[in-house]
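A.B. asks: Numbering (my numbering), first residue to last: 580 to 709. Please see the structure below; I have some questions.
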């Protein structure tokens, strides 16, 4: 009878997967909030439309940094590797989406800046937790 009164365990079986999902959610959430703030600033102030691309790049880099910081803080080991992994994941996702949309990768001009910003943002997030 006492066995039935025990509370079932609701713990996560793999804490690394939980940390990955939490870090992904936090990074994407921060990126969405920053993109919404940028859209608000662009519509309600006199900022030029040429500021859209740098603002979006900054929002994505900050999102990658937050994602890396959350992951490194949750795992508490190999902090820079966590940051590099987060930045590389987001950069590979971006490059795969570009390849699927255009059929080729375009490294001309400022198109190479966003993957680089994602990598460096991830490294920054990992480094800030060290």
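Here a beta-carbon is modelled for each residue, glycine too, at the ideal position from N, C-alpha and C.
#1: To the nearest angstrom, how far is it from the Cα of residue 644 to the Cα of residue 657?
#2: The alpha helix (DSSP H) with residue 566 in it runs from where to where?
#3: How long is the line joining the alpha carbons of residue 680 and residue 652, rounded to whole angstroms?
#4: If I follow the unbroken alpha helix (DSSP H) through residue 646, where does it start and stop?
#5: Assign residue 602 to buried or exposed, taking buried as 16 or more other Cβ atoms, counted over all protein chains shown, within 10 Å of its Cβ.
#6: Determine the contact status of residue 665 and residue 701, defining contact as a CB-CB distance below 8 Å.
#7: Count the C-beta pairs between the stretch 676 to 694 and the stretch 619 to 631 that are closer than 8 Å, then say yes if the count reaches three, no if not.
#8: Taking the CB atoms as reference points, tell me whether residue 609 and residue 642 lie closer together than 8 Å.
#9: Three-state secondary structure (DSSP) at residue 684?
#10: If contacts are defined as beta-carbon pairs under 8 Å, then residue 636 and residue 650 qualify, I think. What distance do you get, rounded to the angstrom?
#11: Are the beta-carbon atoms belonging to residue 646 and residue 704 less than 8 Å from one another?
C.D. replies: Put simply:
#1: Here the alpha carbon of residue 644 sits roughly 15 Å from the alpha carbon of residue 657.
#2: Residue 566 falls outside the range modelled here, since the chain spans only 580 to 709, and no answer is possible.
#3: Taking the straight line from one Cα to the other gives about 35 Å.
#4: Run containing residue 646: 631 to 654, per the alpha helix (DSSP H) assignment.
#5: Counting Cβ neighbours within 10 Å, residue 602 comes out buried, since at least 16 surround it.
#6: Result yes, Cβ atoms of residue 665 and residue 701 sit closer than 8 Å.
#7: Contact between the stretch 676 to 694 and the stretch 619 to 631 is absent, because fewer than three Cβ pairs lie under 8 Å.
#8: At the C-beta level, residue 609 and residue 642 come within 8 Å of one another.
#9: For residue 684, the three-state secondary structure derived from DSSP is coil.
#10: Going by Cβ atoms, the distance from residue 636 to residue 650 rounds to 21 Å, so no, they are not a contact pair.
#11: Yes. Within cutoff.
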